[in-house]
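Have a look at the structure below, then the notes.
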Amino acid sequence: MQIVCPNHLEQFLHSADVNPLRKVPAIVHGNFNLSESHAILVYLVSAFPGIADHWYPTDVFRRAKIQSVLDWHHSNLRYGADHYVINTVLGPALGHPLNPKAASEAEKVLSSSLSNLEKIWLNGNGRFLLGGSQPSIADLSLVCELVQLEVLDEKDRDRILSPYKKVVRWIEDTRAATNPHFDQVHNILFRVKMKLQHPRSMDAEAGTETSSKMGRHSKM
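Using full-length UniProt numbering, you'd call the opening residue of the sequence shown number 1 and step up by one each time.
Put into C-alpha cells, the structure is as follows:
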C-alpha cells in the first residue's frame with residue numbers, strides 16, 4: 001500500500017469535497033473520501049488485502065478492545081497532550097497566545113491519562129497495548145500523540161514522562177517496530193523541535209554571557 005500526498009496540497013486541504021470541515025487528516029481513495037484519523041486507520045487496514053492481522057485483528061473481541069482504546073484516546077490522552085503543547089509552546093505559531101492556566105488544566109488530564117495508560121492499557125506481558133506482542137493501530141495513534149511532547153523543553157518533557165517507565169519503554173518499542181517509517185512520518189515534528197530548541201540555546205548562551213559581563217563589572 002502506498003499513500004501519495006497530492007501535488008496541490010493547499011487546494012486539497014481546503015476542498016470541502018474531501019472534508020466538509022476543511023481539515024486534516026483526510027484521504028481520497030478512488031471516489032471515496034474520508035476524514036478523522038481513527039476512521040482512516042480502520043479503513044486502510046480493512047480495505048487492503050495483505051495487511052498484517054495484528055494491526056486490526058479479525059478476532060472480534062480483540063478488535064473491540066482496540067476500538068475501546070481508540071475511543072478513550074480522544075477525550076483523554078489526545079486532549080491532555082494537545083492542549084498542553086499548544087498552551088506551553090506552539091500557541092503563538094498557530095495564532096494563539098500561551099495560556100498557563102489552560103496548560104495547567106491540560107497537564108492534569110495528561111498526567112491522569114499517562115497513569116491510566118501505564119496501569120491499564122500497558123498492564124500485560126506484551127510490549128504493546130493490551131498485552132500485544134506486536135503493535136496495533138491503537139499503538140500508532142496513541143504513541144503519535146505523545147511524540148508531540150518532543151517539542152517541549154527537554155526538562156519539561158522528562159518531568160512529565162519519566163514517572164511512567166512502561167510508557168517510555170512502549171514509545172521506544174513502537175518506534176523500533178515501525179522504523180524507518182516512524183521517523184519519516186515524524187520528521188517535520190523533529191525539525192520543529194530543532195527550531196524551537198535553537199533559540200532556547202541562544203537565549204541560554206546570551207544569559208551566560210550577560211552574567212559573565214556582570215561578574216567582570218562587579219570586580220571593577
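In this text, a Cβ means the ideal position worked out from N, Cα and C, and glycines have one as well.
Contact under 8 Å by Cβ, residue i with residue j
i: ASP139; j: LEU129; result: yes
i: LEU114; j: TYR79; result: no
i: LEU122; j: GLN148; result: no
i: residue 256; j: GLU145; result: As displayed, the chain neither begins before 1 nor continues past 220, which places residue 256 out of reach and without an answer.
i: TYR84; j: LEU117; result: no
i: HIS181; j: GLY132; result: no
i: VAL42; j: VAL28; result: no
i: ILE120; j: VAL143; result: no
Residue i: first and last residue of the uninterrupted alpha helix (DSSP H) it sits in
i: HIS74; result: Neither: HIS74 is in no alpha helix (DSSP H) and is coded neither H nor E.
i: TRP170; result: 165 to 178
i: GLN184; result: 181 to 185
i: ASN116; result: 100 to 116
i: ASP53; result: No alpha helix (DSSP H) contains ASP53, which DSSP labels as neither H nor E.
i: ALA138; result: 137 to 147
i: ASP156; result: 154 to 161
Start-to-end residues for the beta strand (DSSP E) that takes in residue i
i: ALA26; result: 26 to 29
Cα-Cα separation between residue i and residue j, rounded to whole angstroms
i: LYS166; j: LEU90; result: 27 Å
i: GLN67; j: VAL60; result: 10 Å
i: SER136; j: TYR56; result: 6 Å
i: SER75; j: ILE86; result: 16 Å
i: ASN179; j: LYS101; result: 37 Å
i: GLU154; j: LYS193; result: 10 Å
i: VAL168; j: SER112; result: 15 Å
i: ALA177; j: GLY30; result: 30 Å
i: ASP156; j: PHE32; result: 42 Å
i: VAL45; j: ASN187; result: 23 Å
i: ASN125; j: VAL69; result: 17 Å
i: ASP173; j: LEU77; result: 19 Å
i: GLU150; j: THR88; result: 12 Å
i: ASP183; j: HIS198; result: 20 Å
Strand pairing of residue i, partner residues [DSSP]
i: LEU34; result: ILE27
With 16 other Cβ atoms within 10 Å as the buried cut-off, status of residue i
i: ALA64; result: exposed
i: SER141; result: buried
i: ALA106; result: buried
i: HIS73; result: buried
i: LEU94; result: exposed
i: ALA52; result: exposed
i: ALA26; result: buried
i: ARG159; result: exposed
i: ARG127; result: buried
i: residue 239; result: This structure cannot settle anything about residue 239, because the visible part of the chain is limited to 1 through 220.
i: VAL24; result: exposed
i: VAL185; result: exposed
Cβ of residue i within 8 Å of any chain C Cβ
i: HIS54; result: Among the protein chains of the structure shown there is no chain C, as only one such chain exists.
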